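Visitor:
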Amino acid sequence: MGESERKPVDLFNWVVEHDNDPAVDVHDFLLLLQRHLVSRMTGEHEALLPDEWKDHLKIKDDRAFEHKVISFNYPMYDMRHAQDSVNPRTHADVMLLSEDTDDEHPYWYARVVGVYHALVRYTGPQALSPGVWTHVNFLWVRWFAHNTSYSSGFPHRRLPRLSFIDTDDPDTSAFGFINPATVVRAAYITPSFHSGTTVDLLPSDSVARKDGSDKDYTFYYANMFVDRNMFM
557 MGESERKPVD
567 LFNWVVEHDN
577 DPAVDVHDFL
587 LLLQRHLVSR
597 MTGEHEALLP
607 DEWKDHLKIK
617 DDRAFEHKVI
627 SFNYPMYDMR
637 HAQDSVNPRT
647 HADVMLLSED
657 TDDEHPYWYA
667 RVVGVYHALV
677 RYTGPQALSP
687 GVWTHVNFLW
697 VRWFAHNTSY
707 SSGFPHRRLP
717 RLSFIDTDDP
727 DTSAFGFINP
737 ATVVRAAYIT
747 PSFHSGTTVD
757 LLPSDSVARK
767 DGSDKDYTFY
777 YANMFVDRNM
787 FM
């Protein structure tokens, strides 16, 4: 990921411009971003952060800088290294190690909506670099949910089935921010064509639809056999 500042985003003006878009929502977007950045600056898990810690966070000039693409290095099965490129407009899906102890599937999946960096300073409790402006890379993502009622994997000879989280779900955030360093590699998510499409999860004109689509498939499959490294 580069360090270019050619495409700045004024965060507060941007969220106001998109305040009717459920992918952004003025309060959720900024709060999620602040919590993520505080987590990065303290090493604490986002879910455990006291709300008041974000008051000690400063994003320089209230700006983030957008990038077109990000690359991920990963080890191949034969101990060599390879690289995936992720672009929010084309190949946008990634996989991370799951933190869900109630789900046997080892990965989480997300669609990258935006690639950014910002200069961040934090002066609150547990600061790793108190008062120092720090270059922080982050991804804005739309989360897939693993369909736990659908038996999948090698024992069942079926691919894991996924769906996007509804933006109206009060218990789970459909969007969030992640550290690029936590990405295992690009994921290969294929639509379940026979399940049909839906327009209920996200408006067709949402800013989060970077790939030009105006609707979602009801279900998707995580392709475990796209190449030998994914299989291994």
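The numbering of the sequence shown is this note's numbering, which starts it at 557 and goes up by one. Where a beta carbon is used, it is the ideal one built from N, C-alpha and C, also for glycine. Predicted model, so just to flag it, every value in this text is computed and none were measured.
Could you round the C-beta distance between alanine 683 and methionine 597 to whole angstroms and report it? I think they count as a contact, below 8 Å.
Guide: 6 Å
Visitor: Helix, strand or coil: which one does DSSP assign to tryptophan 553?
Guide: The structure shown has nothing for residue 553, since the chain only spans 557 to 788.
Visitor: Going by DSSP, name the residue or residues bridged to glutamate 622.
Guide: Under the DSSP definition of a beta bridge, glutamate 622 partners with Tyr672.
Visitor: Quick check: the Cα distance between alanine 730 and serine 760, rounded to an integer number of angstroms?
Guide: Distance between the alpha carbons of alanine 730 and serine 760 is about 16 Å.
Visitor: Since leucine 567 is in the alpha helix (DSSP H), which residue starts that stretch and which ends it?
Guide: 567–573
Visitor: Which two residues bound the contiguous beta strand (DSSP E) that contains glutamate 763?
Guide: A quick correction: the sequence has valine, not glutamate, at residue 763. Looking at the DSSP string, valine 763 is not in any beta strand (DSSP E), and its letter there is neither H nor E.
Visitor: Is the stretch 667–685 in contact with the stretch 601–613, if contact means three or more CB pairs nearer than 8 Å?
Guide: yes
Visitor: For the beta strand (DSSP E) that contains lysine 563, what are its first and last residues?
Guide: Segment: none, lysine 563 is in no beta strand (DSSP E) and carries neither H nor E.
Visitor: What residue from Lys771, Thr704, Leu758 and Asn693 has the CA that sits closest to isoleucine 615's CA?
Guide: Asn693
Visitor: Spatial neighbours of aspartate 649 within its chain, please: C-beta separation below 6 Å, excluding the five flanking residues on both sides.
Guide: Arg667, Ala743 and Ile745
Visitor: Cα separation between tyrosine 665 and valine 763?
Guide: 20 Å
Visitor: Go through its chain and collect everything with a Cβ distance to histidine 661's Cβ below 7 Å, but skip five positions before and after it.
Guide: Ser654, His702 and Pro716
Visitor: Given that a residue counts as buried once 16 or more other Cβ atoms are within 10 Å of its Cβ, and exposed if not, what is alanine 603?
Guide: exposed
Visitor: Please give me, in chain order, every unbroken run of the beta strand (DSSP E) with length at least 3 that falls completely inside the stretch 631–682.
Guide: 637–642, 649–653 and 663–678
Visitor: DSSP puts aspartate 772 in a beta bridge; with which residues?
Guide: Thr754
Visitor: Hey, how far is the Cα of threonine 723 from the Cα of phenylalanine 733?
Guide: 15 Å
Visitor: So is phenylalanine 621 buried or exposed if we call it buried at 16+ other beta carbons inside 10 Å?
Guide: Label assigned to phenylalanine 621: buried.
Visitor: According to DSSP, simplified to helix, strand and coil, what is methionine 788?
Guide: Annotation note: pLDDT 45 at methionine 788 (below 50); position unreliable, coordinate value reported separately. DSSP places methionine 788 in coil when its eight states are reduced to three.
Visitor: Where does threonine 523 sit, in a helix, a strand or coil, going by DSSP?
Guide: Because the chain in this structure spans residues 557 to 788, residue 523 falls outside the shown range and cannot be described.
Visitor: What's the call for phenylalanine 750, buried or exposed, on a 16-neighbour Cβ count within 10 Å?
Guide: According to the sequence as given, residue 750 is histidine; it is not phenylalanine. So histidine 750 ends up on the exposed side.
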